[in-house]
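Colleague: In case it helps, the numbering used here puts the sequence shown at residues 7 to 349. Note that beta-carbon positions come from the ideal geometry of N, C-alpha and C, so glycine has one too. Only a predicted model underlies this, so the values are computations on that prediction, with no experimental measurement involved.
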Amino acid sequence: RSRRRIFSGVKPTGHLTLGNYLGAVRRWVQEDQHGADALFSVVDLHALTVEHDPARLRRLSRQAATLMLASGLDPDRCTLFVQSHVDEHARLSYLMECTATDGEMRRMIQYKEKTARERAGGGSVRLSLLTYPALMAADILAYGTDEVPVGDDQAQHVELARVLAQRFNQRYGAVFTVPRMTRPPVAARVMDLQDPTSKMGKSHAETAGIVYLLDEEDTVRRKVMRAVTDSGSEVVYDREAQPGVANLLEILAACMDGLDGADGTDGTDGKAPEELAGEYSSYGALKKDTAEAVVELLRPIRARHAELCADPSYVDGVLRAGAERARGLARPRVDAAYEAVGL
Ligand code: ADP
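#1: Quickly, what does DSSP pair Asp-43 with across the bridge? List them, please.
#2: Starting from the Cα of Gln-89, find the closest Cα among Gln-39, Tyr-149, Leu-79 and Gly-129 and give me that residue.
#3: Checking 8 Å against the spacing of the C-beta atoms, do Val-301 and Asn-253 come in under that value?
#4: Cutting at 7 Å between CB atoms, please list the residues of its own chain near Tyr-243, excluding the five before and the five after it.
#5: Flag Asn-253 as yes when its Cβ comes closer than 7 Å to any non-hydrogen atom of the ligand ADP, and as no otherwise.
#6: Ile-257 and Ser-77: beta carbons closer than 8 Å?
#7: How is the beta strand (DSSP E) around Val-154 delimited, first residue to last?
#8: Looking at the secondary structure, which residues open and close the beta strand (DSSP E) in which Met-187 lies?
#9: For Asp-42, I'd like the list of residues in its chain whose CB is within less than 6 Å of its CB, leaving aside the five on either flank, ordered along the chain.
#10: Can you check DSSP and say which residues form a bridge with Lys-205?
#11: Quick check: the Cα distance between Thr-235 and Gln-248, rounded to an integer number of angstroms?
#12: Between the beta-carbon of Val-16 and the beta-carbon of Val-56, is there less than 8 Å?
#13: Grouping DSSP H, G and I as helix and E and B as strand, with all else coil, what is Cys-261?
#14: Within 10 angstroms of the Cβ of Glu-285, are there 16 or more other Cβ atoms? Answer buried if so, exposed if not.
#15: Contact defined as beta carbons within less than 8 Å: I believe Phe-87 pairs with Ala-332. What is the distance between those atoms, to the nearest angstrom?
#16: Distance, Cα to Cα, Gln-176 vs Pro-338?
#17: For the region 96-106 against the region 134-146, are there 3 or more C-beta pairs whose distance is under 8 Å?
#18: Between His-52 and Met-114, is the Cβ-Cβ spacing less than 8 Å?
#19: Using C-beta distances below 7 Å, list every residue in its chain close to Gly-179, excluding the 5 sequence neighbours before and after it, in chain order.
#20: Between which residues of its own chain and Pro-18 is the CB-CB distance below 8 Å, once the five residues before and five after are set aside?
#21: With DSSP as the reference, identify every bridge partner of Leu-86, one or two as the case may be.
#22: Once the 5 residues before and after Cys-315 are set aside, which same chain residues still bring their CB inside 8 Å of it?
#23: Do you know whose CA, among Asp-82, His-95 and Asn-26, lies nearest Gly-334's CA?
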């Protein structure tokens, strides 16, 4: 295989956020689909790990795929599909559960955090929330993936996928490629505007701290203008002492950064958040510029999304073709894995 293979995904547990876009989707669009053989998936099986409503899940999966296209994923350059349309993910997940230990699963930070949240809300925890990283490892390994471009929040899961690939290969023979994680240079972790110590997560309850890609322009402005800042008054970039201001600076820097890409843009217009801090003497001005930058960033995505919604058969066709190609890539490797373990 001459080109690097890339796999990444979005979980349809809520509406896509600015965090998903800056931390992941934008780089898929601007870089990954150009230089590599890239697969992007709406990982709907992962959405079953928490309480869910079937009709809402179906709607959100569709919306996520549509927004990925609206953001610029090009079906002629990459493969876009829905995870549950490709049986190989679930098939390989079981083998990954048989490769991992329960201790490894219990150590995952996201499992601990989400379990605490579910239990605090009086809910029970689905077993699949614990085994989630096995399915994620299967997602990645089924395709012989070389690179996994994700935000920081996924680092531990990708690391586990590496460990499982190595362990499987050692024990049963070289079936899997050991993948590497790649992260974006800025905005690897966009934080909640109202609680800048917690990440802007689409699965969280909807609050004014989360900017959604489909928010109306005025809603975006209001949310950014009301972002929690810190008690100081000087604009400095300090993630520890001034997380709210640092978050705004990172968002602004990310919005202004053209990113390097095979599409011909170079990233030289980007400024580091530290540098931007020096250009502001008040929080108000910083918020205003950030709000406008986010509005500009999202405008074309919202417009393209509306166009795509008017043409559902186009989206259907993209997802059907994507699933077919994904199946063809995954099946031989998953078959080889089944055979290697003695099945
Ligand atoms: P979420 O946590 O919002 O449900 P997913 O698990 O579906 O998101 O992740 C989709 C991609 O978006 C992943 O690559 C993840 O690292 C990235 N991502 C999610 N939230 C953020 C954030 N707040 N900042 C940066 N990247 C993020």
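Modeller: From the atom records:
#1: Indexing the sequence shown from 1 puts residue 43 at position 37. Per DSSP, Arg-11.
#2: Counted from its first residue, the sequence shown places residue 89 at position 83. It is Tyr-149.
#3: Working through the sequence shown from its first residue, we reach residue 301 at position 295. Working through the sequence shown from its first residue, we reach residue 253 at position 247. Cβ distance not < 8 Å, so Val-301 and Asn-253 don't count as in contact.
#4: Taking the first residue of the sequence shown as position 1, residue 243 is located at position 237. Answer for Tyr-243: Ala-252, Leu-255, Pro-279, Glu-280 and Ala-283, listed in chain order.
#5: Locating residue 253 in the sequence shown gives position 247, counting from the first residue. Checking the Cβ of Asn-253 against the ligand ADP gives no.
#6: For the purposes of this step, residue 257 is taken as residue 251 along the sequence shown, with counting starting at 1. For the purposes of this step, residue 77 is taken as residue 71 along the sequence shown, with counting starting at 1. It is not a contact, given that the beta carbons lie outside the stated cut-off.
#7: Translated into the one-based positions of the sequence shown, residue 154 becomes position 148. Per DSSP, Val-154 belongs to the beta strand (DSSP E) from 153-155.
#8: The residue given as residue 187 occupies position 181 in the sequence shown. Where Met-187 is concerned, the enclosing beta strand (DSSP E) stretches over 186-188.
#9: Here the question's residue 42 lines up with position 36 in the sequence shown. The sequence given here has Ala at residue 42, not Asp. Arg-9, Arg-10 and Ile-12, listed in sequence order.
#10: Against the sequence shown, residue 205 aligns to sequence position 199. Bridge partners of Lys-205: Met-197.
#11: Numbered from its first residue, the sequence shown carries residue 235 at position 229. Numbered from its first residue, the sequence shown carries residue 248 at position 242. Answer to the nearest angstrom: the Cα atoms are 7 Å apart.
#12: Numbered from its first residue, the sequence shown carries residue 16 at position 10. Numbered from its first residue, the sequence shown carries residue 56 at position 50. No. Outside cutoff.
#13: Looking up residue 261 in the sequence shown gives position 255. Helix.
#14: Taking the sequence shown and counting its residues from 1, the one referred to as residue 285 is at position 279. Exposed, since its Cβ has fewer than 16 Cβ neighbours within 10 Å.
#15: Translated into the one-based positions of the sequence shown, residue 87 becomes position 81. Translated into the one-based positions of the sequence shown, residue 332 becomes position 326. Sure, about 5 Å apart at Cβ, within 8 Å.
#16: Taking the first residue of the sequence shown as position 1, residue 176 is located at position 170. Taking the first residue of the sequence shown as position 1, residue 338 is located at position 332. Cα to Cα, the separation comes out at about 19 Å.
#17: yes
#18: Working through the sequence shown from its first residue, we reach residue 52 at position 46. Working through the sequence shown from its first residue, we reach residue 114 at position 108. Not a contact, by the Cβ cut-off of 8 Å.
#19: Here the question's residue 179 lines up with position 173 in the sequence shown. Contacts found: Ala-346.
#20: Position 12 of the sequence shown holds residue 18. Val-48, Val-49, Asp-50, Ala-53, Leu-63, Leu-66, Ser-67, Gln-69 and Ala-70, listed in sequence order.
#21: Position 80 of the sequence shown, counted from the start, is the residue given in the question as residue 86. DSSP, once it has assigned bridges, lists Phe-46 as partnering Leu-86.
#22: Taking the first residue of the sequence shown as position 1, residue 315 is located at position 309. Answer for Cys-315: Thr-72, listed in chain order.
#23: Within the sequence shown, numbered from 1, the residue matching residue 334 stands at position 328. Comparing Cα positions, the closest option is His-95.
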